[in-house]
């Protein structure tokens, strides 16, 4: 069974940093796309950053502040978030699109990030 377990959320002041982790279980290939999405109160879930072989993509709102990385040996993807702003507040979800399972999309349970002004 596939499971994605996020950790690392919390409360931080404006300008602070947090590092999110997402540990995946199941059959994960290095070519699978993994990423982070977030959902602010009253808003739709939006993509933050994705990573695949040789490719990373970021939402314009986080470019230069966030960095996505992965450790394929640990099946873990990270999101380093620096210079946090109140508008970064939301529930952050890990996502994986896994080729072994027919390119099905899987989601973690989410971790809360709150940035105080």
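In the numbering used here, the protein residues as written are 3 to 119. Where a beta carbon is used, it is the ideal one built from N, C-alpha and C, also for glycine.
query                                                                                                                                                                              : result
Leaving aside the five residues before and after residue 90 along the sequence, list all residues of the same chain whose C-beta is less than 6 Å from its C-beta, in chain order. : 117
Does DSSP put residue 90 in a helix, in a strand, or in coil?                                                                                                                      : helix
Is it right to say residue 51 is buried, meaning 16 or more other beta carbons lie within 10 angstroms of its own, or is it exposed?                                               : buried
Counting beta carbon pairs with one atom in the region 61-74 and one in the region 7-16, are three or more of them shorter than 8 Å?                                               : no
Using the rule of at least 16 other Cβ atoms within 10 Å of the residue's Cβ for burial, across every protein chain shown, is residue 113 buried or exposed?                       : buried
How about residue 37 and residue 53: do their beta carbons lie closer than 8 Å?                                                                                                    : yes
What three-state label does DSSP hand residue 97 in the structure shown?                                                                                                           : strand
Pull up the CB-CB distance for residue 108 and residue 97, whole angstroms please, since I reckon it's below 8 Å.                                                                  : 7 Å
Can you have a look at residue 77 and say buried or exposed, based on whether 16 or more other CB atoms are within 10 angstroms of its CB?                                         : buried
Considering only the beta carbon of each residue, do residue 7 and residue 25 sit closer than 8 Å?                                                                                 : yes
Under DSSP, the beta strand (DSSP E) around residue 29 begins and ends at which residues?                                                                                          : Unbroken run through residue 29: none, as it is neither H nor E.
For residue 1, count the other beta carbons within 10 Å of its own beta carbon; 16 or more makes it buried, fewer makes it exposed. Which is it?                                   : The shown model of the chain, from 3 to 119, leaves out residue 1, and the question about it has no answer.
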